[in-house]
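A.B. asks:
In the working numbering, the protein residues as written are 655 to 971.
#1: Only counting the same chain, and skipping five residues up and downstream in sequence, which positions put a Cβ closer than 8 angstroms to that of residue 912?
#2: Return the CA-CA distance between residue 950 and residue 868, expressed in angstroms with no decimal places.
#3: Going along the chain, which residues of its own chain have a beta-carbon closer than 6 angstroms to the beta-carbon of residue 811, five neighbours each way excluded?
#4: Short check: CB of residue 778 to CB of residue 731, under 8 angstroms?
#5: If we require 4 or more residues per run, which alpha helix (DSSP H) segments fall completely within the stretch 839-883?
#6: Over the uninterrupted alpha helix (DSSP H) stretch that includes residue 796, give me the two end residues.
#7: Would you mind sorting residue 747 into buried or exposed? The rule is 16 or more other CB atoms within 10 Å of its CB.
#8: Output needed for residue 752: all residues of its chain with C-beta closer than 6 angstroms, excluding positions within five of it in sequence on either side, in chain order.
#9: Check whether the stretch 930-945 touches the stretch 767-776, counting contact only when three or more Cβ pairs, one atom from each stretch, lie closer than 8 angstroms.
#10: When the Cα atoms are used, what is the spatial distance from residue 879 to residue 938?
#11: Work out the CA separation of residue 703 and residue 664 for me, nearest whole Å.
#12: Can you check whether the CB of residue 675 is closer than 8 angstroms to the CB of residue 685?
#13: Residue 804: which of 836, 820 and 785 sits nearest, CA to CA?
#14: Pick from 818, 916 and 900: whose alpha carbon is nearest that of residue 840?
#15: Please list, in chain order, all residues of the same chain as residue 765 whose beta carbon is under 8 angstroms from its beta carbon, the five residues on each side excluded.
#16: What would DSSP say about residue 833, mapped onto helix, strand or coil?
#17: With distances taken between CB atoms, is the gap from residue 900 to residue 957 smaller than 8 angstroms?
#18: Between 711, 831, 892 and 757, which lies nearest to residue 926 when the distance is taken from Cα to Cα?
#19: Since residue 873 and residue 846 should fall inside the 8 angstroms C-beta cutoff, what is the C-beta to C-beta distance between them, to a whole number of angstroms?
#20: Verify whether the separation of the beta carbon atoms of residue 856 and residue 863 is less than 8 angstroms.
#21: Quick check: residue 963 and residue 819, are their CB atoms within less than 8 angstroms of each other?
#22: So, at 8 angstroms on beta carbons, what are the nonlocal neighbours of residue 815 in its own chain, with the 5 sequence-adjacent residues on each side left out?
#23: In the DSSP assignment, find the alpha helix (DSSP H) that holds residue 687 and state where it starts and stops.
#24: My output table needs one value for residue 760: the three-state DSSP class, helix, strand or coil.
#25: Check for me: the alpha helix (DSSP H) holding residue 669 runs from which residue to which?
#26: In chain order, what residues of the same chain have a beta carbon less than 8 angstroms from the beta carbon of residue 687, not counting five sequence neighbours either side?
#27: How many Å lie between residue 980 and residue 854 at the Cα?
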């Protein structure tokens, strides 16, 4: 049996209008074309759909039963068309995002809020995972988009990298906060909060102290920078942290208990937008990646502008 949607649509219009001529007017076709379509449908089904008496069409009981099936199929087709149209114009679909801890609490929700504001039909799964786990989730195509610390390039992942300068977090009442830039010499022998030894920022920080011939005094070893802000706030240490953590604090905390200053020499923390390399990217995922990249660039610009303003005012902010 080889039924077409056009046959089903024509049959439904004949039932609704009660005549071949009425269906032809509604469909914008000729009466012979509609009659031929119904005859072909009856041949495919193997039974009559209408009784033809004195120029009138009377639906058979089989036609009434078939109409229920026909309505269900055509309604499903209409819904599918609407869904596909929604996907094409970014109003419907699903987005699966894996995000590393530094960005999951404030930055990523902010980006998503802005992206989804006019897209009520998009369903989102946002999961916080470590950067190494995110790599595997993206490589195995379990998520559409990953936002993580930059991994070593691998064939199964596409990545867009961003080099982000780290900043030095200081208690607001620390005399060093009056400066526009902090060096290893300024922190010589002072208590520090850092990430674990395997992290790239730890190695860069150690080298900065070694080159300056200064004492590197780690007091707190952390998995992420976020809890370190509490220790800085309490005056227990200073911390050289990533821009996303600093930006999150500045956007969500108005008390002004921490000052962020440029650290010299520059220490960088690279982040990446990750997508599966071996599967086609959805329209929604591609649009979100572009949106996310724009927000990352905006965050960098905001932080750099803030640091530049501090330099101009001699560290008074």
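Even glycine gets a Cβ: it sits at the ideal position worked out from N, Cα and C.
C.D. replies: In short, the structure shows the following:
#1: On the chain shown, position 258 is the one that residue 912 refers to. Around residue 912, the same chain offers 823, 824, 825, 826, 883, 886, 887 and 903 as residues with beta carbons nearer than 8 angstroms, after the five sequence neighbours per side are excluded.
#2: Translated into the one-based positions of the chain shown, residue 950 becomes position 296. Translated into the one-based positions of the chain shown, residue 868 becomes position 214. Using only the alpha carbons, I get a separation of about 34 angstroms.
#3: Sequence index remark: in the chain shown, residue 811 carries index 157 (1-based). Once the five neighbours on either side are set aside, the close Cβ partners of residue 811 are 792, 793, 928 and 931.
#4: The residue given as residue 778 occupies position 124 in the chain shown. The residue given as residue 731 occupies position 77 in the chain shown. Here residue 778 is not near residue 731, since their CB atoms are 8 angstroms or more apart.
#5: Listed in chain order, the complete alpha helix (DSSP H) runs (minimum 4 residues) inside the stretch 839-883 are 854-865.
#6: Start at 1 with the first residue of the chain shown, and residue 796 comes out as number 142. From DSSP, residue 796 is part of no alpha helix (DSSP H); its letter is neither H nor E.
#7: Position 93 of the chain shown, counting from 1, holds the residue named residue 747. That one is buried.
#8: Along the chain shown, one-based indexing puts residue 752 at 98. Taken in chain order, the residues that qualify are 781, 783, 788, 791, 797 and 800.
#9: In this structure the stretch 930-945 lies against the stretch 767-776, because at least three pairs of beta carbons, one per stretch, are closer than 8 angstroms.
#10: To locate residue 879, count along the chain shown from 1; it is residue 225. To locate residue 938, count along the chain shown from 1; it is residue 284. When only Cα atoms are considered, residue 879 and residue 938 end up about 31 angstroms apart.
#11: Translated into positions along the chain shown, residue 664 becomes position 10. Translated into positions along the chain shown, residue 703 becomes position 49. For residue 664 and residue 703, the distance between alpha carbons rounds to 12 angstroms.
#12: To locate residue 685, count along the chain shown from 1; it is residue 31. To locate residue 675, count along the chain shown from 1; it is residue 21. Cβ atoms of residue 685 and residue 675: closer than 8 angstroms.
#13: Start at 1 with the first residue of the chain shown, and residue 804 comes out as number 150. Minimum Cα distance to residue 804 is reached at 785.
#14: As a position in the chain shown, residue 840 is number 186, starting the count at 1. Of 818, 916 and 900, the smallest CA-CA separation from residue 840 is found for 916.
#15: By one-based count along the chain shown, residue 765 stands at place 111. Only residues of its own chain outside the window of five on either side were considered, and among them 945, 946 and 949 have a CB closer than 8 angstroms to the CB of residue 765, listed in chain order.
#16: For the purposes of this step, residue 833 is taken as residue 179 along the chain shown, with counting starting at 1. Coil, per DSSP.
#17: In the chain shown, counting from the first residue as 1, residue 900 sits at position 246. In the chain shown, counting from the first residue as 1, residue 957 sits at position 303. A contact, by the Cβ cut-off of 8 angstroms.
#18: Working through the chain shown from its first residue, we reach residue 926 at position 272. Ranking the options by Cα distance to residue 926, first place goes to 757.
#19: Looking up residue 873 in the chain shown gives position 219. Looking up residue 846 in the chain shown gives position 192. Sure, about 6 angstroms apart at Cβ, within 8 angstroms.
#20: Position 202 of the chain shown, counted from the first residue, corresponds to residue 856. Position 209 of the chain shown, counted from the first residue, corresponds to residue 863. For residue 856 and residue 863, no; Cβs fall outside 8 angstroms.
#21: Counting from one through the chain shown, the residue named residue 963 turns up at place 309. Counting from one through the chain shown, the residue named residue 819 turns up at place 165. Taking 8 angstroms as the cut-off, the beta carbon of residue 963 is found no closer than this to the beta carbon of residue 819.
#22: As a first step, residue 815 is located in the chain shown; it is residue number 161 there, counting from the start. Cβ within range, chain order: 804, 924, 925 and 926.
#23: Mapped onto the chain shown, residue 687 falls at position 33. Start and end: 685-699.
#24: Position 106 of the chain shown, counted from the first residue, corresponds to residue 760. It is coil, neither helix nor strand.
#25: As a position in the chain shown, residue 669 is number 15, starting the count at 1. In the DSSP assignment, residue 669 falls within the alpha helix (DSSP H) that extends over 659-671.
#26: For the purposes of this step, residue 687 is identified with residue 33 of the chain shown, where counting begins at 1. So the qualifying residues of the chain are 678.
#27: With the chain covering only 655 through 971, there is no way to say anything about residue 980.
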